[in-house]
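Last residue of the sequence shown: 228 (the numbering used here), numbering continuous. By construction, the Cβ of each residue, glycine as well, lies at the ideal position given by its N, Cα and C atoms. Since this is a predicted model, take the numbers as computed values, not measurements. Below: one structure, written as structure tokens.
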Amino acid sequence: MVSFIPFVVSIFLMTFAHPSLSNTGCPKCGTMRVPYPLSTNENCGNPKYKLHCNTTTGLEFISAEQVYYTITSIDSKARRLVLRPPLIDQGTCQSSDLRVGGFRLEDDSPFNISSRNTVLLLNCSEKILLSPLDCSSSSICRRFEEKERVCAGLLCCSFLKDASMTNHRIRVRVEGCSAYTSLVNLTPGALIDSWKFGIELQWVQPS
22 MVSFIPFVVS IFLMTFAHPS LSNTGCPKCG TMRVPYPLST NENCGNPKYK LHCNTTTGLE
82 FISAEQVYYT ITSIDSKARR LVLRPPLIDQ GTCQSSDLRV GGFRLEDDSP FNISSRNTVL
142 LLNCSEKILL SPLDCSSSSI CRRFEEKERV CAGLLCCSFL KDASMTNHRI RVRVEGCSAY
202 TSLVNLTPGA LIDSWKFGIE LQWVQPS
């Protein structure tokens, strides 16, 4: 019995010395809460759900290509977070993450791109017309061009990021479409001023 006590004590100390072994949320990043399993350091959350706390710009998500995207909101109950879409250069109509091919998650990431995203592809080549995307004159991307006065007069397309598509990537490239943005939970006929711009990710609970 005596030999068993040190073992119990060591397990007790390990649990409290390593908060990541328990359901411990991280400290706030600026004004934003960081609920479990999201993690900003090795002492809280789950390391597979790693985020970055930037003291200047706030909480950030790191893509597979090591591009940092600002997180604008987190819904811990729904297990969703929303990223600010990349900037679009008005002169070239190119997304700021074009050099790495757009937004991508690791294949084994616990995050995925939710099916509530309506993706707008901008400055597209005519090859895109062979795809099943909505590239018509009534596509939602045309309303975006009119509102933002960016990429006007160029070919654009839109699509709902549903389960039949890869949920780990939004791809852009010079020979395809060089820019994109995304709208979260867009309802048909919604007024432009009510659009919520963002890339919504959802995560699975750790096992």
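Looking at the backbone, the Cα of Arg120 and that of Tyr70 are separated by about 25 Å.
For Val193, DSSP assigns no beta-bridge partner whatsoever. Between the alpha carbons of Asn206 and Pro106 lies a gap of roughly 15 Å. Residue pairing for Gly112: DSSP places it in no beta bridge.
Straight across, the Cα-Cα distance linking Ser199 with Arg163 is about 16 Å. According to the DSSP assignment, Phe180 belongs to the beta strand (DSSP E) that extends over 178-181. Per DSSP, reduced to three states, the secondary structure at Ser199 is strand. Asn75 is classed as exposed because its beta carbon has fewer than 16 other beta carbons within 10 Å across all chains shown. Ranking Arg190, Pro153, Leu72 by CA distance to the CA of Ser203 puts Arg190 first.
Sequence-distant Cβ neighbours of Ile149 in its own chain, meaning closer than 8 Å and more than five residues away, are Leu142, Cys156, Leu176, Cys178, Gly197, Cys198. Here Leu181 really is in contact with Thr139; their C-beta atoms are around 5 Å apart, less than 8 Å.
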